[in-house]
Amino acid sequence: MRAAVVERLGASPRYAEVDEPSPAEGLVVAEVQAAALKNIERALVAGTHYASRRLPLPGQIGTDAVVVLPDGRRVYTGATPPGGAMAERMLVDPESSVEVPETLDDGTAAALPNAAVSAWFALECAGQVRPGQSVLVLGATGVTGSLAAQLAKQRFQAGRVVAVGRNTERLARLTASGADSVVELGPDDAAGDQLEARLHRLHTEQPFDLVLDYLWGSPAQQTLRALGGDDLAAEFHRTRYVQIGEMAGPTVDLPAGVLRSAGLELVGQGAGSVPREAFARVVPEILPTLFAMLADGSLTVETEAWPLSRIAEAWAAPGRSGVRVVVTPGG
1 MRAAVVERLG ASPRYAEVDE PSPAEGLVVA EVQAAALKNI ERALVAGTHY ASRRLPLPGQ
61 IGTDAVVVLP DGRRVYTGAT PPGGAMAERM LVDPESSVEV PETLDDGTAA ALPNAAVSAW
121 FALECAGQVR PGQSVLVLGA TGVTGSLAAQ LAKQRFQAGR VVAVGRNTER LARLTASGAD
181 SVVELGPDDA AGDQLEARLH RLHTEQPFDL VLDYLWGSPA QQTLRALGGD DLAAEFHRTR
241 YVQIGEMAGP TVDLPAGVLR SAGLELVGQG AGSVPREAFA RVVPEILPTL FAMLADGSLT
301 VETEAWPLSR IAEAWAAPGR SGVRVVVTPG G
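Now the structure itself:
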């Protein structure tokens, strides 16, 4: 069969012939319908992810997919190593799969889970958000940031959601799907303090209870300064700041006074920061809920489909903000 194969870290995957997967105890061979090309695959292959050293080389790529099981059920499931999801067929555990609603197409269903589960965990586990709270999402025009803004409002009942991002069109769509207001990042925001001034004004009007940060770098520096206080008699307000991504840079310059002047609580969101019991809820509870929300229009995710045979082109193509690339073996 054919699959996306990477020869070495840092190289682009290629379309290649590989051995057929063989059924094993508790595992079956499923026909892949669509697999999302996500940041985790790119980081693993680039060698920048902490799990890159576990990637067998040469080896297949792809962590999850929508597949059809031998009994005809269409489900979402994770790939079973050493196989990868970007292939014509893959080995799966039927007990660790979630049925996909009939109304959802393969690509949309494949694009949702990784980003939406991450956003859910950021809100519930790291963010500890409660109904009625004020939530700020930095990087809300990306796939995961967009879903986080939508889930904050539609699922976790946030009282106010402010979305920050660069893509004007994506920000406009977010106002229709959960965001109460938006802040567009301009060309000068990376070096100036315009973002700080705008967020300080919003924080003064109604303090943020939770910040989900998919950007880090300069936007984070300005946001943290905006949340800091400048009054010895300032009233205490707890703001939980969750660091998730680093699209704008891996480091920040954080003055010590920012942490002493306000009720800031800085935490990170990643696989190691999610309780085991939360992961145990993904298949029986969280994913069915997310698929139901996607099916009824409560959540939206945009996709761009590429055939598996053009995996090298899909890998090299410049991504569009807020759009998830999905790979389809049948193309």
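Sequential numbering from 1 applies to the sequence shown in the numbering used here. Note that CB positions come from ideal geometry on N, CA and C, so glycine has one too.
Identify the continuous alpha helix (DSSP H) that holds residue i and give its terminal residues.
{"i": "residue 14", "result": "Unbroken run through residue 14 is the beta strand (DSSP E), 14-17; no alpha helix (DSSP H)."}
{"i": "residue 338", "result": "A query on residue 338 cannot be resolved here, the shown segment of the chain reaching from 1 to 331 and no further."}
{"i": "residue 72", "result": "Residue 72 -> no alpha helix (DSSP H), and no H or E assigned at all."}
{"i": "residue 282", "result": "It is not in any alpha helix (DSSP H) - residue 282 carries neither H nor E in the DSSP assignment."}
Can you check which of these residues, the options, is closest to residue i by C-alpha distance?
{"i": "residue 102", "options": "88, 30, 68 and 325", "result": "68"}
{"i": "residue 73", "options": "51, 112, 85 and 32", "result": "32"}
{"i": "residue 13", "options": "271, 27, 314 and 319", "result": "314"}
{"i": "residue 56", "options": "9, 219 and 149", "result": "9"}
{"i": "residue 163", "options": "147, 156, 155 and 157", "result": "147"}
If you run the structure through DSSP and keep just helix, strand and coil, what is residue i?
{"i": "residue 191", "result": "Note that residue 191 scores 45 on pLDDT, short of 50, meaning its location in the model is unreliable; the coordinates nonetheless yield the value given after this. Reduced to three states, the DSSP call for residue 191 is coil."}
{"i": "residue 129", "result": "coil"}
{"i": "residue 99", "result": "strand"}
{"i": "residue 8", "result": "coil"}
{"i": "residue 165", "result": "strand"}
{"i": "residue 276", "result": "helix"}
{"i": "residue 222", "result": "helix"}
{"i": "residue 307", "result": "strand"}
{"i": "residue 60", "result": "strand"}
{"i": "residue 268", "result": "strand"}
Who pairs with residue i in a beta bridge, going by DSSP?
{"i": "residue 2", "result": "17"}
{"i": "residue 66", "result": "34 and 76"}
{"i": "residue 182", "result": "163"}
Between which two residues does the beta strand (DSSP E) holding residue i run?
{"i": "residue 90", "result": "89-92"}
{"i": "residue 35", "result": "28-37"}
{"i": "residue 112", "result": "Element bounds for residue 112: not the beta strand (DSSP E) but the alpha helix (DSSP H), 106-121."}
{"i": "residue 134", "result": "134-138"}
{"i": "residue 326", "result": "323-328"}
Could you check whether the Cβ of residue i sits closer than 7 Å to any heavy atom belonging to the ligand ATP?
{"i": "residue 279", "result": "With respect to the ligand ATP, the structure shown offers nothing to examine, as it has no ligands at all."}
Open item on the list: Check whether the region 203-211 and the region 179-188 are in contact - that is, three or more C-beta pairs closer than 8 Å.
Closed with: no
Open item on the list: When you compare the region 239-256 with the region 277-284, are there three or more beta-carbon pairs, one atom per stretch, that lie closer than 8 Å?
Closed with: Put simply, the region 239-256 does not touch the region 277-284. Fewer than three CB pairs are less than 8 Å apart.
- [ ] Indicate whether the contact test is met: 3 or more Cβ pairs, each with one atom in the region 34-51 and one in the region 106-123, closer than 8 Å.
- [x] yes
- [ ] Answer yes if the region 235-245 comes into contact with the region 207-226, meaning at least three C-beta pairs across the two stretches below 8 Å, and no otherwise.
- [x] yes
TODO: Count the C-beta pairs between the region 90-100 and the region 165-185 that are closer than 8 Å, then say yes if the count reaches three, no if not.
DONE: no
Open item on the list: Counting beta carbon pairs with one atom in the region 289-297 and one in the region 256-274, are three or more of them shorter than 8 Å?
Closed with: no
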